[in-house]
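Chemist:
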């Protein structure tokens, strides 16, 4: 990747983060205009006085913008950073109980705690700054993969799509996707280069980051199958054996820590009501969005995500991916569609980033010049989705 390509893509990455800031600022402006809004006290804020918690409208937009960027999953990860994991989980645990933090994986909050030791500003600033760095690294590694597969120009466009895709709002939130993307892209790069030990270690770290990181096990298994059948390279099995260790180690540790067997699965079921719908939830919401357009933001987002998925799958038929990348993307999509509650979302589709490489390859050869329209649509979607996530939180 030459310096000019990196420079242009770096500017696009900065622009994409500004799009997220704009989305958060929209929510902040709405909150300041709402006289009924009362900001909760956050311990990260330097010099904050608990006396005013829940009593005052913020004097500037910074605090509500930070609230947006640390909303939803971010709140849970910051609780783990500050308080660790619960030593016991009560029966019939609900989303409102702090015990529910046992459902969240440990690698990201561990890194945030380390960053907080060396950065000023508290753990919230550490979490957000860490993800900005991880996001930039993920974009760069995906560019390297795309360059090796389809050439320099596709590599540059893949980096820009990675930066601007609406689901990339997660790179600026206190979420775990940024870390998973770095580990997954690094793992796929090592599989591509047949560096089995490094691929296995990165996959193991990925499976300790979030549940759908288990998709890396599928990537390692397919890569090993190809290597053994084609070249009798039995060393590829090293990656397969190492890849699930992060997930298995966390399950073993959290069971011992809480003294309850299978606690992660129980919390997932009781606190979040996770079941399996085998894609019917996504289908139902998509149909509802078509029948009653704009009646539900959730249904509309599901429709857009499903439509984007189908389009990206078509791109992979025009520009096929290596088997391990295809296996990883397929597993990620299945993890996205199978759950009964939280289904097709841009942040989950974004994790299937190899599909964006095929998309970049198609847009590079497109003779109708659709690239500027794709960039504009992604940027607008990134601002809008960030604002929607923020509104839903408050």
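Residue numbers (my numbering): 1203 to 1596.
Idealized CB from N, CA, C, for every residue including glycine.
Here the structure is a predicted model, which means the values were calculated and not measured.
(1) Within 10 Å of its beta-carbon, does residue 1611 have 16 or more other beta-carbons around it, so buried, or fewer, so exposed?
(2) Can you name the start and end residues of the alpha helix (DSSP H) that residue 1495 belongs to?
(3) How is residue 1541 classed by DSSP in three states: helix, strand or coil?
(4) Does residue 1523 pass the burial test, meaning 16 or more other C-beta atoms within 10 Å, or should it be called exposed?
(5) Determine whether the beta carbon atoms of residue 1429 and residue 1421 lie at a separation below 8 Å.
(6) Across which residues does DSSP place residue 1478 in a beta bridge pair?
(7) Note down, in chain order, each residue of its chain lying with its Cβ closer than 7 Å to the Cβ of residue 1440, except the 5 sequence neighbours on either side.
(8) Quick check: residue 1311 and residue 1334, are their CB atoms within less than 8 Å of each other?
(9) Whole angstroms is fine: what's the gap from residue 1269's alpha carbon to residue 1227's?
(10) Once the 5 residues before and after residue 1254 are set aside, which same chain residues still bring their CB inside 7 Å of it?
(11) Counting pairs of Cβ atoms below 8 Å between the segment 1310 to 1324 and the segment 1350 to 1363, do you hit three or more?
(12) I think residue 1476 touches residue 1542, with their Cβ atoms under 8 Å apart; what is that distance to the nearest whole Å?
(13) Tell me which same chain residues have a C-beta within less than 6 Å of the C-beta of residue 1525, skipping the five on either side of it?
(14) By Cβ distance, which residues of its chain are closer than 6 Å to residue 1303, with the 5 residues on each side in sequence left out?
(15) Considering only residues of the segment 1417 to 1470, which uninterrupted alpha helix (DSSP H) runs meet the minimum length of 4 residues and lie entirely inside it, listed in chain order?
(16) Along the chain, where does the alpha helix (DSSP H) that runs through residue 1279 open and close?
(17) On the three-state DSSP scale, how would you describe residue 1294?
(18) Output the distance between the C-alpha atoms of residue 1577 and residue 1211, rounded to the nearest integer angstrom.
(19) Can you say whether residue 1238 is buried or exposed, counting buried as having 16 or more other CB atoms within 10 angstroms of its CB?
Modeler: In short, the structure shows the following:
(1) A query on residue 1611 cannot be resolved here, the shown segment of the chain reaching from 1203 to 1596 and no further.
(2) As a position in the chain shown, residue 1495 is number 293, starting the count at 1. Here residue 1495 belongs to no alpha helix (DSSP H), and DSSP marks it neither H nor E.
(3) Along the chain shown, one-based indexing puts residue 1541 at 339. In the three-state reduction of the DSSP assignment, residue 1541 falls in the strand class.
(4) Against the chain shown, residue 1523 aligns to sequence position 321. Around the beta carbon of residue 1523, 16 or more other beta carbons lie within 10 angstroms, which makes this residue buried.
(5) The sequence position of residue 1429 within the chain shown is 227, counting from 1. The sequence position of residue 1421 within the chain shown is 219, counting from 1. Taking a C-beta distance under 8 Å as the contact criterion, residue 1429 and residue 1421 do not qualify as a contact pair.
(6) By one-based count along the chain shown, residue 1478 stands at place 276. Paired residues: 1541.
(7) Reading the chain shown from its first residue, position 238 is the one you call residue 1440. Result list for residue 1440: 1398, 1399, 1402, in chain order.
(8) Taking the chain shown and counting its residues from 1, one reaches residue 1311 at position 109. Taking the chain shown and counting its residues from 1, one reaches residue 1334 at position 132. With respect to the 8 Å criterion, residue 1311 and residue 1334 are not classified as neighbours on the basis of their beta carbons.
(9) Taking the first residue of the chain shown as 1, we reach residue 1269 at position 67. Taking the first residue of the chain shown as 1, we reach residue 1227 at position 25. About 11 Å.
(10) As a working note, residue 1254 is residue 52 in the chain shown. The predicted position of residue 1254 is uncertain, since its pLDDT is 38 and thus under 50; a value taken from the coordinates is nonetheless stated next. Close CB contacts of residue 1254 within its chain, under the 7 Å cut and outside five residues either way in sequence, are absent.
(11) By the criterion of at least three beta-carbon pairs nearer than 8 Å, the segment 1310 to 1324 is not in contact with the segment 1350 to 1363.
(12) To locate residue 1476, count along the chain shown from 1; it is residue 274. To locate residue 1542, count along the chain shown from 1; it is residue 340. Residue 1476 to residue 1542, Cβ: 7 Å. Contact.
(13) Locating residue 1525 in the chain shown gives position 323, where the first residue counts as 1. Excluding residues within five positions, the ones whose Cβ falls inside 6 Å are 1424, 1428.
(14) Translated into the one-based positions of the chain shown, residue 1303 becomes position 101. Same-chain partners within the cutoff: 1278, 1281, 1282.
(15) With a minimum length of 4 residues, the unbroken runs of alpha helix (DSSP H) contained wholly in the segment 1417 to 1470 fall at 1417 to 1433, 1439 to 1444, 1447 to 1460.
(16) Numbered from its first residue, the chain shown carries residue 1279 at position 77. Element bounds for residue 1279: 1275 to 1285.
(17) For the purposes of this step, residue 1294 is taken as the residue at position 92 of the chain shown. Looking at residue 1294 - three-state DSSP - the assignment turns out to be coil, as it is neither helix nor strand.
(18) Here residue 1577 is taken as the residue at index 375 of the chain shown, counted from 1. Here residue 1211 is taken as the residue at index 9 of the chain shown, counted from 1. The alpha-carbon separation between residue 1577 and residue 1211 amounts to approximately 12 Å.
(19) Translated into the one-based positions of the chain shown, residue 1238 becomes position 36. Because the pLDDT at residue 1238 is just 49, under 50, the model does not fix this residue reliably, and the value given afterwards should be weighed accordingly. When all chains shown are included, residue 1238 counts as exposed.
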